[in-house]
Structure formats: C-alpha cells, structure tokens
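Visitor:
Protein chains: 2
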Amino acid sequence: MGRPPKFSQDQFLDSTCRLVARHGPQFVTVAAVAENLGAPTGSVYHRFRSKEELLARLWLRTVDLFQEGFLDALQNSDGVAAALHTPRWVRAHLTEARVLLLHRREEFFSREWTDEIRDRTERLTRDLDAGLREFTARTVGCVSAASLRRTTFVLMDVPYAAVKRHLEHGDAPPDLVDEMIESTYRAVMGRLT
Amino acid sequence: MGRPPKFSQDQFLDSTCRLVARHGPQFVTVAAVAENLGAPTGSVYHRFRSKEELLARLWLRTVDLFQEGFLDALQNSDGVAAALHTPRWVRAHLTEARVLLLHRREEFFSREWTDEIRDRTERLTRDLDAGLREFTARTVGCVSAASLRRTTFVLMDVPYAAVKRHLEHGDAPPDLVDEMIESTYRAVMGRLT
DNA sequence: GATATTTTAGAGGCATTATTCTAGAATAAC
DNA sequence: GTTATTCTAGAATAATGCCTCTAAAATATC
Numbered sequence: 000m001g002r003p004p005k006f007s008q009d010q011f012l013d014s015t016c017r018l019v020a021r022h023g024p025q026f027v028t029v030a031a032v033a034e035n036l037g038a039p040t041g042s043v044y045h046r047f048r049s050k051e052e053l054l055a056r057l058w059l060r061t062v063d064l065f066q067e068g069f070l071d072a073l074q075n076s077d078g079v080a081a082a083l084h085t086p087r088w089v090r091a092h093l094t095e096a097r098v099l100l101l102h103r104r105e106e107f108f109s110r111e112w113t114d115e116i117r118d119r120t121e122r123l124t125r126d127l128d129a130g131l132r133e134f135t136a137r138t139v140g141c142v143s144a145a146s147l148r149r150t151t152f153v154l155m156d157v158p159y160a161a162v163k164r165h166l167e168h169g170d171a172p173p174d175l176v177d178e179m180i181e182s183t184y185r186a187v188m189g190r191l192t
Numbered sequence: 000m001g002r003p004p005k006f007s008q009d010q011f012l013d014s015t016c017r018l019v020a021r022h023g024p025q026f027v028t029v030a031a032v033a034e035n036l037g038a039p040t041g042s043v044y045h046r047f048r049s050k051e052e053l054l055a056r057l058w059l060r061t062v063d064l065f066q067e068g069f070l071d072a073l074q075n076s077d078g079v080a081a082a083l084h085t086p087r088w089v090r091a092h093l094t095e096a097r098v099l100l101l102h103r104r105e106e107f108f109s110r111e112w113t114d115e116i117r118d119r120t121e122r123l124t125r126d127l128d129a130g131l132r133e134f135t136a137r138t139v140g141c142v143s144a145a146s147l148r149r150t151t152f153v154l155m156d157v158p159y160a161a162v163k164r165h166l167e168h169g170d171a172p173p174d175l176v177d178e179m180i181e182s183t184y185r186a187v188m189g190r191l192t
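Listed in order, the protein sequences are those of chains H and F. In this text, residue positions in the first sequence follow my numbering: the first is 0, and each later residue adds one. In this text, residue positions in the second sequence follow my numbering: the first is 0, and each later residue adds one.
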C-alpha cells in the first residue's frame, strides 16, 4: 500500500555506479546521483540514510559481484583460470570494474556504522581469506605466510596490476594481459601446478 | 627585505604529505595542514593559491622524487634492478610511498590550471615514456605496442602491485616481494635478458 | 469515497571548509 | 628611526553540498 515507488534502491546504486566509474567517488554528489536518474534529491534519503550508506552499499554490491565468480573459479578450476578471472570479469563488467579496481574502499566509506554493513564487510574479507587459504593448502601443500603471500600475489595482485592501466584509459584489457598473467603465474608458482 | 618567513613552502608540503599518508587527500583540510605545522590557516595562502595547488605540488614533488631514481636505474642498470627500484624506494620513503602509491593523481588535482603545473605534469609523463621506450628498444630490440606493454608491466605494474598490499597496512614490503618481482621479470621477459 | 500510507518533488536549513580580509609584527634598505 | 615590504595571526566571509522539511501525489484498504 501507499504510493508505488518510482525509483528503486538499485536504480540509485546504478546511477551512483555510473558516476563513480566516470568521475570517482569524491566527485559524486547526492544531487548529481538524483539528477542522473531524473529523481529529486530528497528521494535518495527514502532509500539510504546518508550519502555514505549509498556509497557503502554500492561498494559492497560490486565486491559481491566480483568475488562470487572469483571464489567459484578458485574452488572449481585450476589456479590459472582463477588468475584469469579478473581480466574476464573486467571485460564483462567495464563500469563495475572501474568502480572496484580504480578506487580503494576508504574512498567509499571509512567506518562501519551499522551492524549490517560491518557484517557484510567482514564476511567478504573472511570468505576471500578462506578461499585463498583453501587454495594454497590444496595447491602448494603448506599454508605458510610466504606461500599464502605468493598465491595472493599471482591470483590477485598481478591480475589487478595487469588490468588497471587499461581501465584507467577506459579500455577493455587486451589478450596480451591474459598471457602475461599466465606467464607470471607459472613462474612464481613454479612446478607446483 | 620584509618579515622573514616562518613557514616555507616545503614545510607546508611536508605537513600535507604526512596527513595524506595517514588519511588520504580527501580528508585533508587546509586548517589541518596549518595546524599540523603550528601555522595559521591564512599562511597557507601566502605560499599556494589554493588547496588544489598545494595538493598538486605535493603530488608533483613526490613523483619527481620517485621517478628520478627509477629513470636512473632504467638507464644505468639491468631490467631487474630497475624493477626492484620500487620496493627499495618504498622502504626508504614510506610516507612518500603511501602518498604516491595508494592514491591516484585525480585525487590530488583534476585539471591543469597553470602553465607551470601543466608543463611539469607533461614533462614527467614524457620522460617516463621516453625512458621506457629507450629501455625496450635496447633490451628487447623492437618497440612494438606489445613489447612496450610487456616492459611496462614488469617494470612498473607488477612492482606496484607487489608493494601496495604492504603499504596499505603501513608496513615496509618484505624481501619476498623482491623475489616475486624478479621471478615475474624473468618469466615475462623470457630469455631476452 | 474516505483514510492511511508511502512516495515524489524540490526548496531551505545547516554544517563544514575553502578563501579572504584586517591588524599587527618582523625585517631590510635608506 | 623611518619606510616599504613581507609575513604571521586568526576572525570573517562565502561556497559547497549534505540533509531535512513541507506539500502534494499516488495507491491500498476499508
């Protein structure tokens, strides 16, 4: 009952996503988010308590989207496929990729000021950590600090580095990127794979 | 002649550097920069036309500091040494490294609004580009788009990625980082070195 | 159709923070 | 010592942008 909503929570998140991808979080204003959607500024506050909550939810939604596929690849494929998940995901989600990979979490929200936001954040880092540990144990054998650092490097840091330069230009990463990621993977992980 | 300055331009830049390293550019206020130095806020405007100029000059000064050593290594050492310049520089300049490597240029200034700022920015990118091209020509032989991308990857992207995770925690990068950078270098550059 | 509820719509208040302004202090040149 | 100059000192001003508030609109329930 009541007047049916014209603008959903997701629509505001989509609008924010576009603006963040284009200009970065610091240049996003509540007025711009609303205008980009043709909504009045006040309507934003019917869906989100504050600008910070809006940005936090955009961040969490985007990490969710990325991480789900990554963890799946980590469990059900070999290491190379998991390492290549990043460039593939980026090609399929250019806008979201710019949001996720060109900015740090602190640009979106500084403290967790709700139980829900805090829980979701913690769950994401815990799941990622667990996935990496499980993969390391299965692939390398031991989960020393060094071996964990090594798998994190080849599965996350290097793919991120390879893709970043292209995202900054607004381009999709070329095939060469996949090739370099794979070479790096084999070099650092050695004969273990 | 005139009253001798109590606070120099560099002192304001140092103060800004500390604050940016700790909290990021978006949380730096002119009042905080001045207070951090024990200066009145108005004095900032005796040295800089605006907050944006202050941040722009900090960025340029920091890039200068990094790039000088990097280009030197690129010309006078082998590729591995050039790739290892990043972790070494980071260890020697932890605060400046957090400024340079945890933030993008756009967080400091968006447009070049002075001839001087524009010229310095352009010179920096031109010098870097020239250095990378020269190195690629000398080491690989040809300077195709692919070979240039490859050298950029192993000399800049990978070292940056390897170091970033540690900088976020405020730690100096461990030796393992150098080892991974070197492995990656040899793997991607192949037998050419 | 009356009422309760939820939303649109957008103007206005309010807080933060960049910038300017005035007064006075410190120094060099004469 | 006087003057011109440059700076400190910090209060006053102005702009930006988050958030709130009131009015009206749209719908479900009775």
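We put the CB at the ideal spot given by N, CA and C, even for glycine. Since this is a predicted model, take the numbers as computed values, not measurements.
1. Give me the Cα-Cα distance between Val157 (chain F) and Leu175 (chain H), rounded to the nearest whole angstrom.
2. Whose C-beta lies closer than 8 angstroms to the C-beta of Leu100 (chain H) among residues of the same chain, with five residues either side of it excluded?
3. Could you name the residues of chain F that Gln25 (chain H) contacts, counting a contact when the two beta carbons are closer than 8 angstroms?
4. Quick one: give me the first and last residue of the alpha helix (DSSP H) that Met179 (chain H) is part of.
5. Would a check of beta-carbon distances place Val187 (chain F) closer than 8 angstroms to chain H?
6. Determine whether the beta carbon atoms of Met179 (chain H) and Val187 (chain F) lie at a separation below 8 angstroms.
7. Among H:Leu93, H:Val29, H:Asp77, H:Gln25, which has the Cα closest to the Cα of His168 (chain H)?
8. Just mark Cys141 (chain F) as buried or exposed, buried being the case when its beta carbon has 16 or more other beta carbons within 10 Å.
9. Quick check for students: name the residue ranges of the beta strand (DSSP E) that lie wholly in the region 122-173 of chain F, counting only runs of 3 or more.
10. Whose C-beta lies closer than 6 angstroms to the C-beta of Ala171 (chain H) among residues of the same chain, with five residues either side of it excluded?
11. Does chain H have any CB closer than 8 angstroms to the CB of Ala160 (chain F)?
12. Would you say Ala145 (chain H) reaches chain F, if we count a Cβ-Cβ gap shorter than 8 angstroms as a contact?
13. For Leu203 (chain H), would you say it is in contact with chain F, using Cβ-to-Cβ distances shorter than 8 angstroms as the test?
14. In three-state DSSP terms, what is Phe65 (chain F)?
15. State whether the region 68-82 of chain H contacts the region 23-30 of chain H, with contact taken as three or more CB pairs (one from each stretch) at a distance under 8 angstroms.
16. Closer than 8 angstroms, CB to CB, is Val157 (chain F) near chain H or not?
17. Going by CA-CA distance only, name the one from H:Ser143, H:Val139, H:Leu12, H:Ile116 that's closest to Arg196 (chain H).
18. Short check: CB of Glu51 (chain F) to CB of Phe108 (chain F), under 8 angstroms?
19. Would you mind reading off the limits of the alpha helix (DSSP H) that contains Val29 (chain F)?
20. Roughly how many angstroms lie between the CA atoms of Phe47 (chain H) and Thr120 (chain F), to the nearest whole one?
21. Would you identify the three-state DSSP class for Thr192 (chain H), choosing helix, strand or coil?
22. What does the alpha-carbon distance come out to for the pair Thr15 (chain F) and Leu54 (chain F)?
23. Skipping 5 residues on each side, what residues in its chain have a beta carbon closer than 7 angstroms to that of Glu95 (chain H)?
24. Using a Cβ cut-off of 8 angstroms (strictly closer), state whether Ser49 (chain F) contacts chain H.
25. Buried or exposed: where does Pro39 (chain F) fall if 16 or more other Cβ atoms within 10 Å of its Cβ makes it buried?
26. Following the continuous alpha helix (DSSP H) through Glu9 (chain H), name the residue where it begins and the one where it ends.
27. Measure the beta-carbon distance from Gly23 (chain F) to Glu105 (chain H) and round it to whole angstroms, keeping in mind my assumption that it falls under 8 angstroms.
28. Going by beta-carbon coordinates alone, are Gln66 (chain F) and Leu123 (chain F) separated by less than 8 angstroms?
29. Flag Arg164 (chain F) as yes if its beta-carbon sits less than 8 angstroms from any beta-carbon of chain H, otherwise no.
30. Taking all protein chains shown into account, do 16 or more other C-beta atoms lie within 10 angstroms of the C-beta of Thr183 (chain H), making it buried, or fewer, making it exposed?
31. Please report the distance separating the alpha-carbon of Pro86 (chain H) from that of Val43 (chain H).
32. Can a CB atom of chain F be found closer than 8 angstroms to the CB of Phe152 (chain H)?
33. At what residues does the alpha helix (DSSP H) containing Trp88 (chain H) begin and finish?
Guide: Judging by the given coordinates:
1. 15 angstroms
2. So the list reads Val89, Tyr159, Val162, Lys163, Leu166, once near-sequence residues are dropped.
3. Per Cβ cutoff of 8 angstroms: Gln25, Glu106.
4. 174-188
5. At least one chain H Cβ lies under 8 angstroms of Val187 (chain F).
6. yes
7. H:Leu93
8. exposed
9. Fully enclosed beta strand (DSSP E) runs of 3 or longer: not present.
10. Only Arg90 meet the Cβ criterion.
11. Yes, its Cβ sits closer than 8 angstroms to a Cβ of chain H.
12. yes
13. Missing from the structure shown is residue 203 (chain H); chain H here goes from 0 to 192 and no further.
14. Phe65 (chain F): helix per DSSP, three-state reduction.
15. no
16. yes
17. No information on residue 196 (chain H) is available, as it lies outside the stretch 0 to 192 that chain H covers here.
18. yes
19. From DSSP, the alpha helix (DSSP H) with Val29 (chain F) extends over 29-36.
20. Here the alpha carbon of Phe47 (chain H) sits roughly 39 angstroms from the alpha carbon of Thr120 (chain F).
21. Annotation note: pLDDT 48 at Thr192 (chain H) (below 50); position unreliable, no value reported.
22. 8 angstroms
23. Cys16, Thr61, Leu64
24. no
25. exposed
26. Rather than Glu, the amino acid found at residue 9 (chain H) in this sequence is Asp. Looking at the DSSP string, the run of the alpha helix (DSSP H) that includes Asp9 (chain H) is 8-22.
27. 6 angstroms
28. yes
29. At least one CB of chain H lies nearer than 8 angstroms to the CB of Arg164 (chain F).
30. buried
31. 33 angstroms
32. Closer than 8 angstroms to some Cβ of chain F, the Cβ of Phe152 (chain H) qualifies, so yes.
33. 78-91
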